[in-house]
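Numbering (UniProt numbering), first residue to last: 1 to 231.
For each residue, glycine too, the CB sits at the ideal point set by N, CA and C.
Quick notes on the structure that follows.
Laid out in structure tokens, this is it:
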């Protein structure tokens, strides 16, 4: 079909138009040809956008893979532009990070310059390294970090929460001593998670006395009915 149309197209382009008195070919040569630009060096790439929130470990998630952004963006809402080859992260229209696209699910792509100074020596994260890092806070922190990774199908899935707990120990308002106590309380209550540790710290529960003996017996009162009431 294309071979049959080609000579007809040439004939149409060479035929003068009634109103202009010139053919399409003549107009192209005189007007349009001089304004043509060269084709781009690379073909057009289709791009997609999504909204994301920067997690506690200063990474954003895209199709099961995690990409780093500057750690100062933790908690902020960003725009992620992704093509087959590239992932870019924007904040208020400004590009904050760019990565080569990865299709490995459950893995991290991290640029060292995005990390706090205290994290850079642990750039190659593995479960054993994170646990050793947590031992610098205390045995309870190390135990909690270990459980964060062992209770998941893949240890990498616990990296985010583990890094979040370790970041709490670096913050001036909490510090290692309070975080260690908060981890100990979280372990006693089997509330093993980053959010649990944060809640304990925010409500200053890490030093709360939990022993029933210290609380004393329940007071005598007519509204305290006792177990026999429910039989």
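Beta carbon of residue i nearer than 8 Å to that of residue j
i: residue 110; j: residue 102; result: no
i: residue 49; j: residue 69; result: no
i: residue 201; j: residue 172; result: no
i: residue 169; j: residue 145; result: no
i: residue 75; j: residue 89; result: no
i: residue 148; j: residue 192; result: yes
i: residue 164; j: residue 57; result: yes
i: residue 71; j: residue 2; result: no
i: residue 78; j: residue 52; result: yes
i: residue 162; j: residue 130; result: yes
Buried or exposed by the 16-neighbour rule on C-beta atoms within 10 Å, applied to residue i
i: residue 29; result: exposed
i: residue 60; result: buried
i: residue 140; result: buried
i: residue 87; result: buried
Residue i to residue j span [Cα, whole Å]
i: residue 159; j: residue 98; result: 22 Å
i: residue 100; j: residue 107; result: 13 Å
i: residue 151; j: residue 126; result: 15 Å
i: residue 7; j: residue 14; result: 11 Å
i: residue 22; j: residue 16; result: 5 Å
The ligand ZN heavy atom lying under 7 Å from the CB of residue i
i: residue 92; result: The ligand content of the structure shown is nil, which means the ligand ZN is not present either.
Residue from the options with nearest C-alpha to residue i
i: residue 203; options: 182, 132, 130 and 223; result: 182
i: residue 188; options: 87, 143 and 94; result: 143
i: residue 95; options: 84, 185, 73 and 104; result: 73
i: residue 42; options: 34, 85 and 195; result: 85
Per-residue DSSP class, three states only, for residue i
i: residue 203; result: coil
i: residue 2; result: helix
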